[in-house]
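A short worksheet on the structure shown next.
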Amino acid sequence: MTREARIMCGVILITVPTIQYGGYFLLTSLCDRTSHYMDNALRQNFFRAGHAHAGVIVILSLICQLLADGAALPGALLWMARIGIPLSAILIPMGFFLSMPSPTATQPNGLVSLIYVGAVVLAVSVVTLGIGLLRSPIR
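Residue numbers (numbering that gives the first Met the number 0): 0 to 138.
Structure, rendered in structure tokens:
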């Protein structure tokens, strides 16, 4: 594992407690009738989706750090992939959470666009990394 991968994996792992806190928040919201979490199905779905995306993309980010070590990419593109994938693990959930802040919201606000920005960042990053892996010489 390269120094870069080790640093990025360390930073990514430090974010895991935020995902744990999200799980705690969802659990307490489910159990507390005064939170009004159960009163809004759209908000429930957005919060659940945000939490799930965060966890899955963080795991993907860790795997991609190791894969990036074997990719044949120029430095800037390699760093774009190294940073872009974990960045999408922040942008996508933020879009889900921040676009439905009120328990009475009937539709997402403009911050829902963060989901789309994060999805584009994720797609560009994983495709770039995939191309870099296909370009790397067979050892």
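For glycine and all other residues, C-beta sits at the position ideal for the given N, C-alpha and C.
Item	Value
DSSP state of residue 16 mapped onto helix, strand, coil	helix
Alpha-carbon to alpha-carbon, residue 136 and residue 27	51 Å
Alpha-carbon spacing of residue 87 relative to residue 1, whole angstroms	22 Å
Alpha helix (DSSP H) runs contained entirely in the region 29-74, provided each spans 4 or more residues	40-67
CA nearest to the CA of residue 96, picked from 48, 116, 7	48
Residue environment, residue 30, which counts as buried when at least 16 other CB atoms sit within 10 Å	exposed
Euclidean distance between Cα positions of residue 44 and residue 110	16 Å
Separation of residue 35 from residue 152, as counted between CA atoms	There is no way to answer for residue 152, as the model of the chain reaches only from 0 to 138.
Assigned exposure category for residue 81 - 16 Cβ within 10 Å defines buried	buried
Residue 128 - containing alpha helix (DSSP H), residue span	112-134
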